[in-house]
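Novice: For what it's worth, numbering that gives the first Met the number 0 labels the leading residue of the sequence shown as 0, then goes sequentially. Every residue gets a Cβ at the ideal spot worked out from N, C-alpha and C, and that includes glycine. These numbers come from a predicted model, not from an experiment.
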Amino acid sequence: MTQTKQEISKRKQDHLEICLSEDVDYRKTNGFERYDFPHFATTEVVYNEIDISTTFFKRKIDYPFLISSMTGGTGKAKDINYRLALAAKELNIPIGVGSQRLTLEDDKFKDSFDVLKKFSDSIPVLSNIGAAQVAKLKKLDSIKKITDQINASALIIHLNPLQEIIQKNGEPDFSGLIKNIKRIVKKIGIPVIAKEVGAGISAKAAEYLLEAGVKGIDVAGAGGTSWSAVELLRNKRSNDSIFWNWGLPTSYCIRTVNELRKKYNFVLISSGGINSADEIAKSVALGADLTASAKKVLIILNEGGVEGLIEYVKAMFEDVKKIMYLTGCESLKKLKKLILIRKEELF
Ligand SMILES: Cc1cc2nc3c(=O)[nH]c(=O)nc-3n(C[C@H](O)[C@H](O)[C@H](O)COP(=O)(O)O)c2cc1C
């Protein structure tokens, strides 16, 4: 069931095109609409003094926001990654690259990743490799190769069993995954983050990962881009498959994985359909340190260019600050302690 280099590169190109032209969202929500904010009429927060800067593995960043891993390994990826990185640098936020698997096999599209290296002094740049590749690793040289390629601040391992099992010629065999994550964590010298790609990470899966030494969990939950939808459309298969909507909603993942903080120290990232200020603020209130977004960022870049993307993120976080003002939270630390109201309590 393995794919050729040409097939992988074509698949990456299809992903970009499908995500920009088709409706591949979940037909269920990420669940944040089930919560409301406790409006605080006696707020004394001074709007201009609200601080939303934070740290990401000891590096200071200006917004609790990460441009999620997206592309690399196809013709258009170099330009997209370069423009995403320009926006990330201006905003002083981290950026992930798409799976670097192809780099290990072919030099043809190497520059689509290399282009990010020069940004790595200014902002955290994050490597990316899939669970299927990690599971069958023999030597760890290839991991060093991909992290050196972009001078990565952290390595992201993406877990995408749904995508692999739905995909034509997918690689759903993850046996050996946790053992190899342990090996990588011991050797690599930079933090390892585990992420899903839209179907969510449960508390039980997160515990396996944290026990293996992972230092960051990006839940990438359901409610945003559905990767089984992308693969179903790519292969012109029925789009009423029960798997279109398979997955754990982002808000559920954040709330339940956050419980593991009692036992583990890790960075918790909320993603999966995070497209608005209220979803960001609710994510933090439910426990996230950071939020992240992929498809929406790509669409905004495509429509508005680098400037448009910078403006989008800045405007969204002005709204996050307004939410913080209205709920009496002068800092992200305070927002994290905010107790949201479940909608059924309101009536
Ligand atoms: C065009 C595109 C390509 C992607 N490729 C990767 C990838 O190579 N590696 C990865 O970890 N995630 C990849 N993702 C998944 C995203 O990082 C993210 O987890 C997922 O899309 C859910 O977030 P969203 O709802 O904000 O899009 C990709 C997403 C998009 C839109």
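For the region 105-174, list the beta strand (DSSP E) runs that are entirely contained and at least 3 residues long, ordered along the chain.
Specialist: Complete beta strand (DSSP E) runs here, min 3: 124-129, 153-157.
Novice: For the alpha helix (DSSP H) that R233 lies in, which residues bound it at each end?
Specialist: 226-233
Novice: How is L337 classed by DSSP in three states: helix, strand or coil?
Specialist: coil
Novice: Suppose you measure from the CA of Y34 to the CA of Y207; what does that come to, to the nearest Å?
Specialist: 29 Å
Novice: Have a look at the DSSP bridge pairing and note the partners of P248.
Specialist: Paired residues: A221.
Novice: Quick check: is any heavy atom of ligand 1 less than 7 Å from the C-beta of T41?
Specialist: no
Novice: Relative to ligand 1, is the shortest distance from any of its heavy atoms to the C-beta of N47 smaller than 7 Å?
Specialist: no
Novice: In whole angstroms, what separates the C-alpha of S270 from that of S292?
Specialist: 6 Å
Novice: Below 7 Å, is the gap between the Cβ of S152 and the nearest heavy atom of ligand 1?
Specialist: no
Novice: Ligand 1 and L297: does any heavy atom of the ligand fall closer than 7 Å to the residue's C-beta?
Specialist: Under cutoff, so the answer is yes.
Novice: Residues in its own chain within less than 6 Å of V184 by CB, not counting five upstream and five downstream?
Specialist: Excluding sequence neighbours, V184 sits near V191, G212.
Novice: Quick check: the Cα distance between M0 and A131, rounded to an integer number of angstroms?
Specialist: Per-residue confidence for M0 stands at a pLDDT of 49, beneath the threshold of 50, marking its modelled position as unreliable; the derived number appears in the next sentence. If you take the alpha carbons of M0 and A131, they lie about 12 Å apart.
Novice: Looking at G223: is its Cβ nearer than 8 Å to the Cβ of D13?
Specialist: no
Novice: Just verifying my parser: in three-state terms, what is the DSSP assignment at I49?
Specialist: coil
Novice: Are R236 and I17 closer than 8 Å when you measure CB to CB?
Specialist: no
Novice: Contact check, A287 vs I322 under 8 Å by CB: the rounded distance?
Specialist: Not really, about 14 Å apart at Cβ, beyond 8 Å.
Novice: Is F36 helix, strand or coil when you go by DSSP?
Specialist: coil
Novice: With 16 other CB atoms within 10 Å as the buried threshold, where does F346 fall?
Specialist: exposed
Novice: Output yes if chain D places a C-beta closer than 8 Å to the C-beta of A284; else output no.
Specialist: Absent from the structure is chain D; it holds one protein chain and no more.
Novice: What three-state label does DSSP hand G271 in the structure shown?
Specialist: coil
Novice: Quick check: is any heavy atom of ligand 1 less than 7 Å from the C-beta of L15?
Specialist: It does: the Cβ of L15 is within 7 Å (strictly closer) of some heavy atom of ligand 1.
Novice: Any idea what DSSP makes of A211, helix, strand or coil?
Specialist: coil
Novice: How many Å lie between E344 and L15 at the Cα?
Specialist: 41 Å
Novice: Measuring CA to CA, which of S227, L289, K167, E32 is closest to G215?
Specialist: L289
Novice: Have a look at T41 and L325 and give me their C-alpha separation to the nearest angstrom.
Specialist: 9 Å
Novice: Pick helix, strand or coil for M0, following the three-state DSSP scheme.
Specialist: Because the pLDDT at M0 is just 49, under 50, the model does not fix this residue reliably, and the point stays unresolved.
Novice: Report whether the distance from the Cβ of S292 to the nearest heavy atom of ligand 1 is below 7 Å.
Specialist: Yes - ligand 1 has a heavy atom lying nearer than 7 Å to the Cβ of S292.
Novice: In its own chain, which residues sit with a C-beta less than 8 Å from the C-beta of Y46, not counting the 5 before and 5 after it?
Specialist: Only K320, K321, Y324 meet the Cβ criterion.
Novice: Identify whether T41 lies in helix, strand or coil by the three-state DSSP scheme.
Specialist: coil
Novice: Could you tell me the distance, in whole angstroms, from the CA atom of K143 to the CA atom of G327?
Specialist: 45 Å
Novice: For N159 and L334, what's the separation of their Cα atoms in angstroms?
Specialist: Taking the straight line joining both Cα atoms gives about 31 Å.
Novice: Should S227 be counted as a contact of ligand 1 given a C-beta to heavy atom distance under 7 Å?
Specialist: No - ligand 1 has no heavy atom lying nearer than 7 Å to the Cβ of S227.
Novice: Taking the straight line between their C-alpha atoms, what separation do you get for K336 and F56?
Specialist: 21 Å
Novice: Please go through the same chain and pick out, in chain order, the residues whose beta-carbon is closer than 8 Å to the beta-carbon of T54, but skip the five residues on each side of it.
Specialist: I60
Novice: Rounded to a whole number of angstroms, what is the C-alpha to C-alpha distance between F108 and A228?
Specialist: 26 Å
Novice: Could you say which of T73, T70, G72, I51 lies nearest to P63 if we only look at CA atoms?
Specialist: I51
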